[in-house]
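Taken in order, these protein sequences are the chains called S and Y.
Quick note on my numbering: the first sequence kicks off at 1 and runs consecutively.
Quick note on my numbering: the second sequence kicks off at 405 and runs consecutively.
Remarks on the structure that follows.
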Amino acid sequence: MNLKAVGIVYRKEFTEWVRDRRTLISTVLVPLFLFPVIMLGFTALAVELVGKAKQEIPKIMVLGGEDSPDVLASLRKLDNFQIVPYDQNYREQISDKQIRAAVQIPAGFQSALQNGSTKTVEIYYYEGELKSSFGADRIEKFLKDYREQVVKDRLAAKNVPASVLTPFEIKQENVAPPEKVSGSSVGGFIGYLVVLLCMTGAMYPAIDLTAGEKERGTMETILSSPISRMDLVLGKFFLVLNASLATAALSVLSMGISFSALRRFNSSASSGRGEAAALLLHLGLKTVISIFVMALPLAVFFSAVLMTIALFAKSYKEAQSYLTPMTFLVIIPAIASMLPGVELTPKLAFVPILSTSLVCKEIMSGTYHWNSMAIIFGSTCVYAGVALFLAFKTFQRESVLFRS
Amino acid sequence: MIEARSLSKRFHDKKRGAIRAVENVSFRCAPGQIYGLLGANGAGKTTTLRILATILEPSDGTALVCGHDVVEEPEKVRGKVGFLSTATALYPRLTAQEMVEYFGRLNGLDEPTLKKRVDDIFERLDMNEFRERRCDKLSTGMKQKTSIARTLVHDPPVMIFDEPTLGLDIMTARTITTFIRECRNNGKTVIFSTHIMSEVEKLCDTIGIIHDGKLLAEGTLGQLRERHGEQDLEEIFVKVVNALQSKAEA
Numbered sequence: 001m002n003l004k005a006v007g008i009v010y011r012k013e014f015t016e017w018v019r020d021r022r023t024l025i026s027t028v029l030v031p032l033f034l035f036p037v038i039m040l041g042f043t044a045l046a047v048e049l050v051g052k053a054k055q056e057i058p059k060i061m062v063l064g065g066e067d068s069p070d071v072l073a074s075l076r077k078l079d080n081f082q083i084v085p086y087d088q089n090y091r092e093q094i095s096d097k098q099i100r101a102a103v104q105i106p107a108g109f110q111s112a113l114q115n116g117s118t119k120t121v122e123i124y125y126y127e128g129e130l131k132s133s134f135g136a137d138r139i140e141k142f143l144k145d146y147r148e149q150v151v152k153d154r155l156a157a158k159n160v161p162a163s164v165l166t167p168f169e170i171k172q173e174n175v176a177p178p179e180k181v182s183g184s185s186v187g188g189f190i191g192y193l194v195v196l197l198c199m200t201g202a203m204y205p206a207i208d209l210t211a212g213e214k215e216r217g218t219m220e221t222i223l224s225s226p227i228s229r230m231d232l233v234l235g236k237f238f239l240v241l242n243a244s245l246a247t248a249a250l251s252v253l254s255m256g257i258s259f260s261a262l263r264r265f266n267s268s269a270s271s272g273r274g275e276a277a278a279l280l281l282h283l284g285l286k287t288v289i290s291i292f293v294m295a296l297p298l299a300v301f302f303s304a305v306l307m308t309i310a311l312f313a314k315s316y317k318e319a320q321s322y323l324t325p326m327t328f329l330v331i332i333p334a335i336a337s338m339l340p341g342v343e344l345t346p347k348l349a350f351v352p353i354l355s356t357s358l359v360c361k362e363i364m365s366g367t368y369h370w371n372s373m374a375i376i377f378g379s380t381c382v383y384a385g386v387a388l389f390l391a392f393k394t395f396q397r398e399s400v401l402f403r404s
Numbered sequence: 405m406i407e408a409r410s411l412s413k414r415f416h417d418k419k420r421g422a423i424r425a426v427e428n429v430s431f432r433c434a435p436g437q438i439y440g441l442l443g444a445n446g447a448g449k450t451t452t453l454r455i456l457a458t459i460l461e462p463s464d465g466t467a468l469v470c471g472h473d474v475v476e477e478p479e480k481v482r483g484k485v486g487f488l489s490t491a492t493a494l495y496p497r498l499t500a501q502e503m504v505e506y507f508g509r510l511n512g513l514d515e516p517t518l519k520k521r522v523d524d525i526f527e528r529l530d531m532n533e534f535r536e537r538r539c540d541k542l543s544t545g546m547k548q549k550t551s552i553a554r555t556l557v558h559d560p561p562v563m564i565f566d567e568p569t570l571g572l573d574i575m576t577a578r579t580i581t582t583f584i585r586e587c588r589n590n591g592k593t594v595i596f597s598t599h600i601m602s603e604v605e606k607l608c609d610t611i612g613i614i615h616d617g618k619l620l621a622e623g624t625l626g627q628l629r630e631r632h633g634e635q636d637l638e639e640i641f642v643k644v645v646n647a648l649q650s651k652a653e654a
């Protein structure tokens, strides 16, 4: 191996890479701007929509209740409902979003309250429709408050203190540090993202440097130079690896900035609006370095595999059709790592892609299983080595290089 | 010096099975001479030249280029060769100068030598006007000049041209033929393939007629005329090829 020759090839490939508009888009623009746009944009939109839905005074229809004037009077007193006149097509009206919900006061409700028997009040709403759910929630809250008041009145009538209903209080408190909390909630997503971006970042340069070179007719030009095939493959490989890591790094950076902006957005938002922006991310240096080290062999693996496959193609388009199904092969184990209950085990540590995705999730929540990390790093290095060896071998096959 | 010794190349095709692209081809080409491989499309010219440039490996036989074996020392051979064909395109996102410098560096030139070589070549080929222009913005003529500069940058003693004028207009083709002549006059060993008879007549010191992977006839233009009793090279070519086909049918 001649390092100087590898460097010459790498420098040339780098020059061409930065001059390629497609590269700029896939490696720099997408990871840098996609996350802020998606995360901040969608969060802002969600907050806005939820806020609007909450501010709306829902139209509610009351069914029955003619013999229960007290409850009706209490309902009408509230200003956060708009009671609409009865219509027998209330179900259609809810489905058509003309009214948000309807409440059925059963016959004899008030007298049942007085004599101590139990009746059921039904609330009709449109499941999955945000504004209808908010309307139904408000009615439910009103009814619960009303029921509580009835209970208190009954107890007072019998000279029993209200505290008899709550002999003790229950309180939940989080004791995990914020890093672990945010890691558990978004760690799986980060692992998925790192894995996916390592691949997508490598994909376009891998095609461009192999099938693209064949299509442009420069493969024969470079093969006529005195550089050895091994040095040529290595020079190209380092550029593909570089692109893969750059995409993943830029994405994590942009995601960190997006989360930090979200946190600021969260703290500046009013208390009612903050729920949608409640994700907090704590990315420490140790976390970032650990994820980078674990992702490195995977990026090597992807770069070598993508180059090997793309080299079989005669053109850019053909290579794309070979590599697109690869995306699914990568996405499936990466998504599997996000499923609740899928934990890192010694056996799973040997499964490429899934293991890296899982270990990123663990690292994000501040858990470092050094033995598993060593197994994952070692096994992925072996897979990467095999993939790189295959890339060298493929570059020596005339039937592949001059396929027509 | 180029010396091809019983070169053979077989390919495997899924539909057609084993294909003998080149079969037992031997010839010599000395410094200061132009050897022309004349043949129809698919005759085996490109495969032969690719073997000499070590882009392909022979299935049997070997060749010596400047004393280096194409099988044993392919990288040393490539260091002595300048290879130009219609399939050797330029990197579209590099400038003409970057393209030539890249190949100079790959050929091991140090930076001061490279700078001097590039300046000399760009001056000689009148390329200074477009040296900073990207290759995808060059005209066909400019691209050909850049390709020539790329093959010349390491001053190789052997030049291999595979149908270098294919698809070019008259003026650009003329630049190439003039350049080939200059290479010979500068004492380089030149081999080139074509199916254009007039090019062979004008340029070649020795002509090899190749058909169906086999070298059927070889000699100077005078020797071929005398041997086959024809003045016109095209007639000689047809006679040689027909003789092979009659033999095969018999």
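Cβ coordinates follow ideal geometry from the N, Cα and C atoms, glycine included.
- Between residue 63 of chain S and residue 31 of chain S, the alpha-carbon positions lie close to 54 Å from each other.
- Residue 631 of chain Y sits in a helix when the DSSP states are folded into three classes.
- Take the alpha-carbon of residue 414 of chain Y and the one of residue 630 of chain Y: they are about 34 Å apart.
- Taking a cut-off of 8 Å on C-beta distances, the stretch 535 to 549 of chain Y does not touch the stretch 35 to 46 of chain S, as fewer than three cross pairs fall below it.
- Considering only Y/442, Y/516, Y/436 and Y/558, the residue with the shortest C-alpha distance to residue 225 of chain S is Y/558.
- By the rule that beta-carbons nearer than 8 Å mark a contact, residue 25 of chain S does not touch chain Y.
- Here residue 125 of chain S has 101, 132 and 136 as same chain residues with Cβ atoms under 6 Å from its own Cβ, once five neighbours each way along the sequence are excluded.
- Taking 8 Å as the cut-off between beta carbons, none of the residues of the stretch 109 to 143 of chain S comes near chain Y.
- Taking 8 Å as the cut-off, the beta carbon of residue 571 of chain Y is found no closer than this to the beta carbon of residue 441 of chain Y.
- Any Cβ of chain Y closer than 8 Å to the Cβ of residue 8 of chain S would place that residue at the interface, and such an atom is present.
- The beta carbon of residue 93 of chain S lies closer than 6 Å to those of 99 in the same chain, with the five residues before and after it left out.
- Residue 596 of chain Y is not a Cβ neighbour of residue 641 of chain Y, given a cutoff of 8 Å.
- For residue 620 of chain Y, the uninterrupted beta strand (DSSP E) segment begins and ends at 618 to 623.
- Scanning S/214, S/258, S/221 and S/199 for the CA closest to the CA of residue 247 of chain S turns up S/199.
- Annotated three-state conformation of residue 317 of chain S is helix, per DSSP.
- Between the stretch 448 to 467 of chain Y and the stretch 604 to 619 of chain Y, the count of Cβ pairs shorter than 8 Å is three or higher; the stretches touch.
- For residue 492 of chain Y, the closest Cβ of chain S is nearer than 8 Å.
- Between residue 388 of chain S and the set S/189, S/230 and S/33, the nearest pair of CA atoms involves S/230.
- With respect to residue 195 of chain S, residue 130 of chain S sits apart: the two C-beta atoms are not nearer than 8 Å.
- Proximity to residue 521 of chain Y across Y/542, Y/554 and Y/455 peaks at Y/554, based on C-alpha coordinates.
- Going by beta carbons, residue 358 of chain S and residue 339 of chain S fall outside the 8 Å limit.
- The bridge partners DSSP lists for residue 194 of chain S come to none.
- When CB distances to chain Y are screened at a threshold of 7 Å, the residues of the stretch 212 to 237 of chain S falling below it are 216, 217, 218, 220, 221, 223, 224, 225, 226, 227 and 228, in chain order.
- For residue 243 of chain S, no Cβ of chain Y is located within less than 8 Å of the residue's own Cβ.
- For residue 16 of chain S, a Cβ of chain Y is located within less than 8 Å of the residue's own Cβ.
- In this model, residue 311 of chain S and residue 504 of chain Y are separated by some 25 Å (Cα to Cα).
- For residue 503 of chain Y, the enclosing alpha helix (DSSP H) starts and ends at 500 to 510.
- 8 Å or more divides the Cβ of residue 57 of chain S from the Cβ of residue 103 of chain S.
- Here residue 592 of chain Y is buried: its Cβ has 16 or more other Cβ atoms, across all protein chains shown, within 10 Å.
- Between the beta-carbon of residue 454 of chain Y and that of residue 430 of chain Y there is about 17 Å, and that puts the pair past the 8 Å contact cut.
- Counted as a single uninterrupted DSSP element, the beta strand (DSSP E) harbouring residue 61 of chain S occupies residues 59 to 64.
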